[in-house]
Structures are given as structure tokens and as C-alpha cells.
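Enquirer: One structure follows; several queries about it will come next.
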């Protein structure tokens with residue numbers, strides 16, 4: 001899957017998230033990158049920032065949180081374009097859930113791990 005098709009899969013995944021939830025995203029940007037930095041080269045996505053549940057009165061004047069979806073690890077993990085689309089959708093929901101303060105263990109319990 002080329003870069004444009006992968007970005008389209010991310011866009012489609014975002015479009016499938018209910019509008020009510022998307023409207024609640026606050027100060028967050030969604031990015032696509034080829035490979036994760038650091039030791040975990042199989043990371044499919046990453047949320048970096050302050051979850052909504054951790055923001056207090058002092059939160060303000062900060063750069064946006066980021067959700068990054070990684071193309072390389074996803075393509076290595078999936079055998080078909082259909083699997084890529086499905087995994088991207090799961091990863092997008094998973095990372096958005098972190099923005100809402102849902103922890104990794106709970107996501108796995110809910111089947112979004």
C-alpha cells in the first residue's frame with residue numbers, strides 16, 4: 001500500500017468515528033509517519049499529550065497533543081490491504097481513546113488493544 005492509500009485509510013478511519021466524539025477532541029492533531037522513533041519499531045500508533053481526564057485549570061497555552069499512526073509497522077503486520085484498513089481503524093480508535101483518558105489495559109479488555 002502506498003503512502004496516499006495509507007493516508008486515505010487513516011482519513012476513512014477518522015470519518016468512521018462518531019461526530020459527537022470527534023467534536024470532543026480538544027487541542028489534538030492526527031499525523032501519519034513512516035516509522036516510530038525509539039526502541040519499539042512495531043508500534044502502530046502513539047498518543048502524546050495530556051489526556052482530557054488529566055487536564056486541570058492550569059492547562060492552557062500548550063502545543064497540541066499528537067496522535068501518530070505509523071505506516072511501516074502496520075504494513076509489516078498486515079498481509080492484505082483489507083487488513084491494513086481494519087488495523088488502521090482499530091489503531092485510530094485506540095489512540096483517540098488515550099486522548100479521552102482510557103488506559104491500555106482497559107482498551108485491551110474492550111477489544112481495542
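Residue numbers (full-length UniProt numbering): 1 to 113. Cβ atoms here follow ideal geometry from the backbone N, Cα and C, with glycine treated the same way.
1. Give, in chain order, every unbroken run of the alpha helix (DSSP H) that is at least 4 residues long and sits entirely within the region 58 to 103.
2. In angstroms, rounded to a whole number, what distance separates the CA positions of residue 110 and residue 32?
3. For residue 33, list the residues DSSP reports as bridge partners.
4. Return yes when the Cβ of residue 88 is within less than 8 Å of the Cβ of residue 13, no when it is not.
5. Within a Cβ cutoff of 8 Å, which residues of the same chain sit near residue 53, ignoring the five residues on either side of it in sequence?
6. Can you tell me the Cα-Cα spacing of residue 83 and residue 24, whole angstroms?
7. State the Cα-Cα distance for the pair residue 29 and residue 76, rounded to the nearest angstrom.
8. Mind checking whether residue 40 and residue 71 have CB atoms under 8 Å apart?
9. Could you check which residue in 108, 98, 85 has the C-alpha nearest to that of residue 11?
10. Buried or exposed: residue 45, going by 16 or more other Cβ atoms within 10 Å of its Cβ?
11. Please classify residue 28: does DSSP put it in a helix, a strand, or coil?
Expert: In brief:
1. 71 to 77, 81 to 99
2. 25 Å
3. 70
4. yes
5. 100, 101
6. 28 Å
7. 25 Å
8. no
9. 85
10. buried
11. strand
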